[in-house]
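Colleague:
Numbering (the working numbering), first residue to last: 14 to 233.
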């Protein structure tokens, strides 16, 4: 959940939508687009479908934009992270360098509910695997975490050594010699495995600041 400061700051970025229609999710968009939905009732009891559409590769300026739709009609847009007002609460939306990290409805009482991924999206297919093959889904999730933990354990000492070799750093702090030195191909393999693991976690909207690179995301 966003803290109050982040929520107020995100709310100031929200702009009115232009009323365009929500585009259907296409088969070639799993890496570049996330689409999630949530039915909510107005005060009069009328139910509407609210949708959040995020183009993960950003616009022409590199900004990742979240678009909010009501019954497939665009009502709001904002750079991410975003907080959209909806009946009964807000929808909080945030992305990382690997995909979606948060897309949740937060009610007035603080109760959270994740939006449902569109069935055609990569997130939707991953959710379907979790529903149809829960054992396999859990195993994949565990492997993803283990890969990231191994990447941290092997990568951090080598990174610290490289940093302490910088002359100003070495002069003030001394140098650190890593007990671990992997071959170049092994480091590349480890980086690719970590990228895949974080991307898999993003499909489930799972995120941890240390495991999934939050140190470099530049949270607003």
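Just so you know, even glycine gets a beta-carbon here, dropped at the ideal spot from N, CA and C.
Confirm, please, whether the CB-CB distance from residue 108 to residue 15 is below 9 Å.
Modeller: The sequence position of residue 15 within the chain shown is 2, counting from 1. The sequence position of residue 108 within the chain shown is 95, counting from 1. No, these two residues do not count as a Cβ contact at 9 Å.
Colleague: Roughly how many angstroms lie between the CA atoms of residue 95 and residue 140, to the nearest whole one?
Modeller: Sequence index remark: in the chain shown, residue 95 carries index 82 (1-based). Sequence index remark: in the chain shown, residue 140 carries index 127 (1-based). When rounded, the distance between both Cα atoms is 23 Å.
Colleague: If you follow the alpha helix (DSSP H) that residue 19 is in, where does it begin and where does it stop?
Modeller: As a working mapping, residue 19 is identified with position 6 in the chain shown. Element bounds for residue 19: 17-25.
Colleague: Given a threshold of 16 other Cβ atoms within 10 Å of its Cβ, counted over all protein chains shown, does residue 152 qualify as buried or as exposed?
Modeller: Start at 1 with the first residue of the chain shown, and residue 152 comes out as number 139. The residue is exposed, with fewer than 16 neighbouring Cβ atoms inside 10 Å.
Colleague: With a threshold of 16 other CB atoms inside 10 Å of the CB of residue 80, please say whether the residue is buried or exposed.
Modeller: As a position in the chain shown, residue 80 is number 67, starting the count at 1. Answer is buried; the Cβ neighbour count reaches 16.
Colleague: Fully enclosed by the region 88-163, which beta strand (DSSP E) runs are 3 residues long or longer?
Modeller: As far as the region 88-163 is concerned, its whole beta strand (DSSP E) runs of at least 3 residues are 95-99, 102-109, 112-120 and 125-127.
Colleague: Residue 204 and residue 166: beta carbons closer than 9 Å?
Modeller: Numbered from 1 along the chain shown, position 191 holds the residue referred to as residue 204. Numbered from 1 along the chain shown, position 153 holds the residue referred to as residue 166. Contact flag unset, no.
Colleague: Can you list, in chain order, the residues of its chain with a C-beta nearer than 7 Å to that of residue 127? Leave out the 5 residues immediately preceding and following it.
Modeller: Position 114 of the chain shown, counting from 1, holds the residue named residue 127. Cβ within range, chain order: 116, 117 and 218.
Colleague: Residue 62 by DSSP, collapsed to three states: which one?
Modeller: Position 49 of the chain shown holds residue 62. Note: residue 62 maps to strand in three-state DSSP.
Colleague: Can you tell me which of the three DSSP states residue 196 falls into?
Modeller: Taking the chain shown and counting its residues from 1, one reaches residue 196 at position 183. It is coil, neither helix nor strand.
Colleague: Can you tell me which of the three DSSP states residue 54 falls into?
Modeller: Position 41 of the chain shown, counted from the first residue, corresponds to residue 54. In the structure shown, residue 54 sits in a strand (DSSP, three-state: E or B).
Colleague: Helix or strand or just coil, what does DSSP make of residue 205?
Modeller: Here residue 205 refers to the residue found at position 192 when the chain shown is read from its first residue. Correct three-state label for residue 205: helix.
Colleague: Would you report the Cα separation of residue 228 and residue 114, rounded to the nearest angstrom?
Modeller: For the purposes of this step, residue 228 is taken as residue 215 along the chain shown, with counting starting at 1. For the purposes of this step, residue 114 is taken as residue 101 along the chain shown, with counting starting at 1. With a pLDDT of 48 at residue 228, under the threshold of 50, the modelled position of that residue is not reliable, and the figure given next carries that caveat. Cα to Cα, residue 228 sits roughly 14 Å from residue 114.
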